[in-house]
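**Student:** Residue numbers (our numbering), protein chains in the order written: chain U, 1 to 280; chain D, 1001 to 1267. Cβ coordinates follow ideal geometry from the N, Cα and C atoms, glycine included.
(1) For a quick check, are the C-beta atoms of residue 1210 of chain D and residue 1237 of chain D less than 8 Å apart?
(2) Quick check on this structure: which residue in D/1221, D/1115, D/1243 and D/1241 has the alpha carbon closest to the alpha carbon of residue 1253 of chain D?
(3) Can you give me the Cβ contacts of residue 44 of chain U inside the same chain, cut-off strictly under 7 Å, excluding the 5 residues immediately before and after it?
(4) Please compile the residues from chain D whose C-beta is within a distance smaller than 7 Å of the C-beta of residue 270 of chain U.
(5) Just verifying my parser: in three-state terms, what is the DSSP assignment at residue 1046 of chain D?
(6) Looking at the C-beta of residue 36 of chain U, does it have a partner C-beta in chain D at a distance below 8 Å?
(7) Helix, strand or coil, according to DSSP, for residue 1145 of chain D in the structure here?
(8) On the DSSP letters alone, give me the boundaries of the beta strand (DSSP E) that residue 1034 of chain D sits inside.
(9) Would you grab the beta carbon distance between residue 216 of chain U and residue 246 of chain U for me? Rounded to a whole angstrom, and I think it's under 8 Å.
(10) Let me see if you follow: with CB-CB separation under 8 Å, is residue 1076 of chain D close to chain U or not?
(11) Should residue 137 of chain U be labelled buried (16 or more other beta-carbon atoms within 10 Å of its own) or exposed?
(12) Against chain D, with Cβ distances strictly below 8 Å, would residue 275 of chain U count as a contact?
(13) Note down, in chain order, each residue of its chain lying with its Cβ closer than 7 Å to the Cβ of residue 126 of chain U, except the 5 sequence neighbours on either side.
(14) What residues in the region 166-193 of chain U bring their beta carbon closer than 8 Å to a beta carbon of chain D?
(15) The beta strand (DSSP E) spanning residue 258 of chain U covers which residue range?
(16) With residue 1016 of chain D as the anchor, note down where its alpha helix (DSSP H) starts and where it stops.
(17) Are the beta-carbon atoms belonging to residue 1088 of chain D and residue 1200 of chain D less than 8 Å from one another?
(18) So for residue 1074 of chain D, helix, strand or coil by DSSP?
(19) Are there 16 or more other CB atoms within 10 angstroms of the CB of residue 77 of chain U, so buried, or fewer, so exposed?
(20) Alpha carbon to alpha carbon, how far is residue 1140 of chain D from residue 271 of chain U?
(21) Leaving out five residues on either side along the sequence, give the residues of the same chain with a beta carbon under 8 Å from the beta carbon of residue 1157 of chain D.
(22) Buried or exposed: which applies to residue 38 of chain U, given that a residue is buried once 16 or more other Cβ atoms fall within 10 Å of its Cβ?
(23) In whole angstroms, give me the CA-to-CA distance for residue 143 of chain U and residue 135 of chain U.
(24) Looking only at its chain, what residues have a beta carbon closer than 8 Å to the beta carbon of residue 1148 of chain D, apart from the 5 residues adjacent to it on each side?
(25) Is the shortest distance between the beta-carbon of residue 1062 of chain D and the beta-carbons of chain B less than 8 Å?
(26) Going by Cα to Cα distance, which pick from U/229, U/165, U/231 and U/218 is closest to residue 202 of chain U?
(27) Among U/34, U/212 and U/177, which one has its Cα closest to the Cα of residue 198 of chain U?
(28) Is it buried or exposed, residue 110 of chain U, if we count other Cβ atoms within 10 angstroms and call 16 or more buried?
(29) Using 8 Å as the threshold, is the C-beta distance between residue 155 of chain U and residue 95 of chain U below it?
(30) Mind checking who residue 1219 of chain D pairs with in its DSSP beta bridge?
(31) Cβ of residue 1109 of chain D less than 8 Å from any chain U Cβ?
(32) Could one say the Cβ of residue 7 of chain U lies closer than 8 Å to chain D's Cβ atoms, at least one of them?
(33) In its own chain, which residues sit with a C-beta less than 8 Å from the C-beta of residue 172 of chain U, not counting the 5 before and 5 after it?
(34) When DSSP labels each residue in this structure, what does residue 125 of chain U get in the three-state scheme?
(35) Any beta carbon of chain U sitting closer than 8 Å to that of residue 1096 of chain D?
(36) Hey, would you say residue 1203 of chain D sits closer than 8 Å to residue 1168 of chain D, going by beta carbons?
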């Protein structure tokens, strides 16, 4: 691997430039790459607008984009949106943090000590397939109908996968780093703290990014029962009245917040682990 | 060699290693006896699966022999220690540390004064030709440069033995040639005993005072050969008649081994 030897920027090719976009594994201009990411949603939005505008579907089945935007504006001006979003974000953050605080040490221990992996991995691997939604009645019996119940559901939806992924992050580091630490005279706990953890941290950060996305997807499930506020609750209420514009707006808004969270983790990861990027 | 008269630096004494693969014993190394003198440069070559890396790991204390004993300065090896430095093929640098901090990290367990450490780090950065790259992160360096950091890191705490496991195996031919010359220069300036595992016969001869050819399945010493080429060596000796003669002999041994292993696999 000679990373200082850069590939020439423009590789002369026999093909016409038009075909190059469909070349196997071939790099394409970054402007086209990013533009493509806007074109597809824009096309979808346009077809959505078209079918509703031309009256192909009844608004009950698919409200128009304008109706969804209007619904968003209504929620925002009435203050409902901010109230819903703040309570939901609070639950997401606390639920995800709780899962993370437990999953990080457990994942690290499982990744480093075979005995701990052996005792926990089969259990966690089984539990993670359990449908969290089925646990709602139990979660209510255990924690009541307050915020704790919502947070517990988010915790259950996140924790098991997360601990397994962190275990993998830790296991994936180069064994020779540990050996180098041993030959340099470091103790096991020093190697764990000063070599294994920093080496695994970019991977763990990426796990954070992916798992908080999952926490977002559990929001509706968490706010299914005994909630009066929240983005998920608003969607469930709307179902009762077949307010499809509210449903669509709520869903898209959760998606948007998820995207934003993802972006924040990605960017902060890049600046936290600057050493992990290929070039300066 | 008068190895009975001179106390060996490294004594590999009837060392055997058996692994368990699917509950079946697999003899990786049958019985190896090698004595290495102080400041000797020894290359170990052999086909893949001859146990050369396993042997090196056992000298490094990263793996334990099933039978026999390895002694360094007469003391049995009981784990890794700071009298040995290790360079791995996979660079194994601490990627979150700069070149300078990587090397300095190796001195953390040393009792010397801060100023002395700083001086040593600077000295080795210069010795491996990385001046100007002190604050670069490993990811920003080429393979050859990364391996220079690894060599500096393995030497900075002044171990008396340097263990190298195919350190240049991942480099392209030109870079590998440069690194071999660099290694010889560093070795001549900072005398240490070197055990160098490789499957590149040219590399083994060019570097070493002595080349040990291992036979495979199970691993054992097939040939132990002194390389009587003058020092300092420059890369043009690879076309010398003496060099070619050594090469022919070692190649014949390795070819014989490869054919034997292939016949075994067919059976």
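**Tutor:** The relevant details are as follows:
(1) no
(2) D/1221
(3) none
(4) Here the premise fails: no neighbours, minimum Cβ distance about 13 Å.
(5) coil
(6) no
(7) helix
(8) 1024-1036
(9) Contact flag wrong, Cβ pair sits at about 19 Å.
(10) no
(11) exposed
(12) yes
(13) none
(14) 174, 176, 177, 179, 180, 182, 183, 184, 185 and 186
(15) Premise fails: residue 258 of chain U lies in the alpha helix (DSSP H), 244-272, not in any beta strand (DSSP E).
(16) Element bounds for residue 1016 of chain D: not the alpha helix (DSSP H) but the beta strand (DSSP E), 1010-1021.
(17) no
(18) coil
(19) exposed
(20) 16 Å
(21) 1082, 1085, 1106, 1107, 1109 and 1110
(22) exposed
(23) 12 Å
(24) 1128, 1129, 1130, 1179 and 1182
(25) Given the protein chain composition of this structure (U and D), no chain B is represented.
(26) U/165
(27) U/177
(28) buried
(29) yes
(30) D/1029
(31) yes
(32) Unreliable positioning characterises residue 7 of chain U in this predicted model, as indicated by a pLDDT of 49, which lies under 50. The coordinate reading is nonetheless provided below. Judged by the 8 Å Cβ criterion, residue 7 of chain U is not in contact with chain D.
(33) 200 and 203
(34) helix
(35) yes
(36) yes
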